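Here UniProt numbering is used: the first residue of the sequence shown is 1, the next is one more, and so on.
We treat Cβ as the ideally placed atom computed from N, Cα and C, and that holds for glycine.
Keep in mind the model is a prediction, meaning the values are calculated, not measured.
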Amino acid sequence: MSKPVVLEDVTGGSAKATHLCVLVHGLWGNPSHMRNVAKALRDEYSEDELYILPAEKNRGNFTYDGIELGGERVCAEIEDKLRSIEEQGGKITKLSIAGYSLGGLVSRYAVGLLYAKGILDDLECMNFTTFASPHLGVRTPLKGWHNTVWNVLGARTLSMSGRQLFTIDKFRDTNRPLLAVLADPDSIFMSGLKKFKRRTLYTNIANDRSVVHYTSAITKHDPYTDLEKVNLNYLKGYEGVILDPDHPIALRPKLQQDTILTDYEALKKWVKGIPFMVTVGVLIPIGVVVFLANSAVQTVRSANRIKAHESGEAGLKIEQYRMPLRIKEIREEVEQAYEVLNSSQNQQYLAASDSEDDLAYDAEDRKLLKKERRMSTPGQPTLALTPDQFDMIENLDAAGWRKFPVHIQKHRHSHAAIVVRMDKESFADGWVVLKHFAGNEFLM
């Protein structure tokens with residue numbers, strides 16, 4: 001395996017660079033998580049061509065503070081860097097942003113602020129890219145008491161970020177979840193997002209226990225819940241990893257599905273999974289306890305940081321980032337515990353007819369659910385999403401996205417592998433994704 005990349009060696013740029021690319025990490029993350037994204041870009045573009053800025057001010061436990069605060073911090077960081085480059089004799093004329101996991105949502109918020117402040121008026125907005133980002137939140141599609149217990153409990157383990165990711169918050173005076181406001185077609189956030197020439201997303205189709213496919217792909221369907229039932233069509237030149245976005249799958253004939261695994265093959269597959277099952281059975285209960293205890297501590301600390309941020313004691317002039325919204329270490333164990341908790345719930349689909357769950361919504365939302373039920377088919381069933389999530393899908397899709405399904409096969413932790421978060425040989429599939437992003441998708 002090659003020598004690990006040092007973040008400082010592949011970021012920054014010279015005074016000649018006119019294109020700034022900002023990299024935003026995810027929940028519990030830090031800038032080094034994006035170092036291989038930076039390396040992939042640097043391998044393609046020199047310091048004289050591209051200035052790479054890894055966002056620094058929202059690292060670690062600060063990501064508990066919510067998408068709003070994270071977006072304000074990233075916006076301020078971009079403004080500071082633009083000023084700094086100009087003071088050193090440079091001039092940035094183009095902007096790109098790439099967000100990983102929660103960083104994709106933080107980036108969307110920051111873009112709205114940049115738009116409202118008029119900063120994007122002086123820049124050519126090139127690429128907006130997300131890797132495994134929960135655009136629709138992290139709420140598991142569930143019905144009945146499972147929904148109440150699981151999604152409400154999960155929302156309360158991550159401070160403000162948790163409430164926003166599970167869409168149980170009320171953002172400012174809108175009386176709506178922040179994610180719904182982020183996708184409002186009349187918001188500063190969508191207006192800013194639409195300024196980019198290219199919007200691209202990479203979405204894991206399997207083994208992402210943090211951000212499942214439907215939310216990172218902005219879709220109400222998940223054809224990858226049982227890979228035994230489909231044939232995967234790969235993108236030419238990226239076989240085995242990136243699917244053809246226009247024709248990603250073909251259903252297998254039923255006879256082929258029924259005979260796909262012999263008894264021996266099924267047994268062999270089960271035996272290979274024993275080490276993982278033992279790990280889950282022994283280590284995860286410990287991790288869950290650590291996760292919940294850490295969540296309680298970090299929620300209190302986060303509340304104190306939010307209070308300081310709102311009062312201006314954190315060093316940011318908050319009034320500059322509050323504008324009208326509508327215009328037209330332990331971390332690995334903690335993260336693993338959260339992922340296993342999240343993946344323990346199987347996705348459910350909309351009922352064929354009205355259900356008692358609908359009573360929680362108003363007449364307009366019930367009408368939307370009825371419409372989605374009519375569009376659901378046995379071959380492509382609709383997930384049990386909320387009315388807000390269905391609206392998000394429609395509004396975000398209207399902006400236009402290039403969507404690339406990714407099949408990480410060499411490691412179970414596809415959420416980390418998609419950006420090669422750690423230097424492991426088993427994360428090799430992630431390098432295929434990053435090379436596609438830097439070499440094929442990234443507009444200069």
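Give every residue of the same chain whose Cβ lies closer than 8 angstroms to the Cβ of residue i, excluding the five residues on either side of it in the sequence, and list them in chain order.
i: D397; result: I218
i: K57; result: R73, V74, A76 and E77
i: G89; result: A15
i: K3; result: none
i: L359; result: Note that L359 scores 47 on pLDDT, short of 50, meaning its location in the model is unreliable; the coordinates nonetheless yield the value given after this. The answer is none, since no qualifying residue turns up.
Looking at residue i: is its Cβ nearer than 8 angstroms to the Cβ of residue j?
i: C125; j: L95; result: yes
i: D222; j: L383; result: yes
i: N231; j: H247; result: no
i: A132; j: N30; result: no
i: F189; j: R59; result: no
i: K81; j: L20; result: yes
i: E44; j: G430; result: no
i: V211; j: S101; result: yes
i: L193; j: F128; result: yes
i: V406; j: Y202; result: yes
i: A17; j: Y51; result: yes
i: W401; j: T200; result: yes
i: L165; j: P134; result: yes
i: M392; j: A183; result: yes
i: G66; j: S161; result: yes
i: Y238; j: H436; result: yes
i: F390; j: K220; result: yes
i: I92; j: L123; result: yes
Report the CB separation of residue i from residue j in whole angstroms; it is logged as a contact under 8 angstroms.
i: G26; j: G137; result: Incorrect: roughly 14 angstroms between the Cβ atoms, too far for contact.
i: N36; j: L434; result: 6 angstroms
i: L235; j: L243; result: 6 angstroms
i: M444; j: E47; result: In fact, because the Cβ distance is near 14 angstroms, the residues do not count as touching under 8 angstroms.
i: residue 450; j: S426; result: The question about residue 450 has no answer here: the residues shown for the chain are numbered 1 through 444.
i: M422; j: A416; result: 6 angstroms
Kindly list the residues whose CB is nearer than 7 angstroms to the CB of residue i, restricted to its own chain and excluding five residues on each side of it in sequence; keep chain order.
i: D388; result: T167, P177 and A180
i: V432; result: Y238, V241 and I242
i: D169; result: R163, P177 and L178
i: V5; result: R35, N36 and K39
i: Q414; result: Inspection of the sequence shows that residue 414 is occupied by Ser rather than by Gln. Closer than 7 angstroms at the Cβ level, and outside the excluded window around S414, lie N204, A206, N207, D208 and I408.
i: E329; result: Any reading at E329 needs caution, since the residue's pLDDT is 48, under 50, leaving its predicted position unreliable; the model's value is listed next. No residues qualify anywhere along the chain.
i: A399; result: M190, L193, K194 and R199
i: I418; result: F131, A132, Y202, N204, V406, I408, G430 and V433
i: V106; result: V24, N58, I67, G70, G71, V74 and G99
i: D258; result: With a pLDDT of 49 at D258, under the threshold of 50, the predicted position of this residue should be treated as unreliable, and no value is reported.
According to DSSP, residue i sits in a beta bridge with which residue or residues?
i: K94; result: H19 and E124
i: F404; result: Y202
i: T129; result: A98 and T200
i: A250; result: N231
i: V24; result: G99
i: Y51; result: L20
i: L243; result: Y234
i: G12; result: I52
Taking 8 angstroms as the CB-CB cut-off, is residue i touching chain D?
i: L235; result: Protein chain content of the structure displayed is limited to a single chain, and chain D is not contained in it.
Spatial neighbours of residue i within its chain, please: C-beta separation below 6 angstroms, excluding the five flanking residues on both sides.
i: A110; result: G71, V74 and C75
i: F34; result: Looking at the sequence shown, residue 34 is not Phe but Met. Once the five neighbours on either side are set aside, the close Cβ partners of M34 are L23, H25 and P54.
i: L283; result: Note that L283 scores a pLDDT of 49, beneath 50, so its modelled location is shaky; the value from the coordinates is reported in the next line. So no residue of the chain qualifies.
i: T11; result: A38, I52 and P54
i: K195; result: L120 and C125
i: P185; result: N395
i: P245; result: K403 and F404
i: R412; result: N207
i: D173; result: none
i: F171; result: L178 and V181
Does the beta carbon of residue i fall short of 7 angstroms from some heavy atom of the ligand HEM?
i: D246; result: As for the ligand HEM, it is missing from this structure, which has no ligand bound.
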